[in-house]
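Engineer: Add 15 to a position in the sequence shown, counting from 1, and you land on the number used in this note's numbering. Here's a structure for you.
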Amino acid sequence: MEHPPEALRAFPPLSHCCAMRAGGRRQRGGAALARRPLAWAAPVAQASRRRLCSGGTVPRGFTLIELLVAISVMALIAILSWRGLDGMVRAQESTRQRADEMLVLQAALGQWGTDLDALVSIANTTPLDWDGQVLRLTRRSSAVPDEGALVVAWTRRNNNQGVGQWLRWQSPPVRTRADWRQAWEQAAQWARTPGDAERRYEVTLLPLDNWQIFYYRGGAWSNPQSSTGTPTGDSTSAIPDGIRLQITLPPGQALTGQLTRDWVNPVLGGGRS
């Protein structure tokens with residue numbers, strides 16, 4: 016077998032070159048795989064790069080000053096809300112108090128008219144009397160069945176605090192003249208120096224500064240204690256054609272000042288007021 020010339024020996028065989036090339040490709044492919052990042056790490060890296068490019072700072076919480084300002088604003092809102100609720104409660108309480116005072120006044124005047132409408136004239140008795148301090152009257156009972164006549168008295172008296180009060184007194188039913196006379200005198204004593212026995216039948220109505228009574232007789236209003244207001248004849252004439260009540264309510268009530276209430280005798284009044 017002939018050997019190749021020396022010039023050809025300097026070059027490696029073709030098969031050896033192919034093997035070297037294949038090995039080089041394998042080495043380069045492994046290095047490329049080693050340098051290639053993992054599939055799950057790519058999105059994390061991209062997101063990190065986006066955050067750094069957008070702001071470059073990590074989100075932070077509120078500072079102490081911001082918290083103090085927020086707490087102060089919330090406290091101010093709470094105080095304003097509380098004052099608003101307190102004002103509403105006070106207004107509601109004042110409205111309810113005035114409504115109650117109006118109801119008391121209406122009830123007192125209604126009772127006044129009821130007592131006068133039920134006036135009754137009994138032989139040898141006095142149906143109505145006003146001495147400047149107390150108004151005493153004899154009226155029918157509204158109970159069914161009728162238990163007898165009643166003696167009713169109205170007056171003004173100061174309480175322990177010095178505040179004038181309008182008071183009403185009513186006796187138990189009376190059937191005999193002796194019972195009526197005793198109740199009539201007891202009503203007068205109740206108006207001046209009441210004891211425990213007399214106070215049991217009294218009712219405090221409302222605060223009152225002053226009150227006056229006028230009778231309507233002979234076509235004119237007059238003082239019941241004057242000669243014009245004094246009746247003549249039998250007890251029936253003691254009931255005037257009309258009675259005017261003037262009361263003065265103190266300040267601080269639902270109604271203040273002077274209030275006038277006229278009553279017309281349904282039998283003798285003739286429609287006058």
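Beta carbons are placed, not taken as given, at the ideal position from N, Cα and C, and that holds for glycine. Quick caveat: nothing in here was measured; it's all calculated off a predicted structure.
1) Who are the Cβ neighbours of G163 in its own chain at under 7 Å, not counting the five residues just before and after it?
2) For the stretch 210-226 against the stretch 171-188, are there 3 or more C-beta pairs whose distance is under 8 Å?
3) Tell me the rounded alpha-carbon separation between Q112 and F77.
4) Find out if the Cβ-Cβ distance for the pair Q261, T275 is shorter than 8 Å.
5) So which of F229, N173, R151 and N175 has the shortest CA-CA distance to E200?
6) For the alpha helix (DSSP H) holding Q148, just list the boundary residues, first then last.
7) Taking C-beta to C-beta, are S136 and L165 nearer than 8 Å?
8) Under 6 Å Cβ to Cβ from M35, same chain only, skipping five residues before and after it: list those, please.
9) Could you give the first and the last residue of the continuous beta strand (DSSP E) run that contains I258?
10) Since D277 sits in a beta bridge, which residues does DSSP pair it with?
11) Return the residue from the list Q240, N280 and A269 that minimises the CA-CA distance to W145.
12) Under the three-state reduction of DSSP, which class applies to S87: helix, strand or coil?
13) With DSSP as the reference, label I137 as helix, strand or coil.
14) Taking only three categories from DSSP, how would you classify V178?
15) Helix or strand or just coil, what does DSSP make of I94?
16) Find out if the Cβ-Cβ distance for the pair A2, E108 is shorter than 8 Å.
17) Where L131 and P265 are concerned, what is the direct C-alpha to C-alpha distance, given to the nearest angstrom?
18) Once the 5 residues before and after R215 are set aside, which same chain residues still bring their CB inside 7 Å of it?
19) Can you look up E81 in the DSSP assignment and give me helix, strand or coil?
Structural biologist: Put simply:
1) S156, P188, V189 and R190
2) yes
3) 50 Å
4) yes
5) R151
6) Premise fails: Q148 is in no alpha helix (DSSP H) and is neither H nor E.
7) no
8) Residue confidence for M35 is low, a pLDDT of 48 falling below 50, so the modelled location carries little weight and cannot support an answer.
9) G257 to L264
10) R259
11) Q240
12) helix
13) coil
14) coil
15) helix
16) Not covered by the structure: residue 2. The range shown for the chain is 16 to 288.
17) 25 Å
18) none
19) helix
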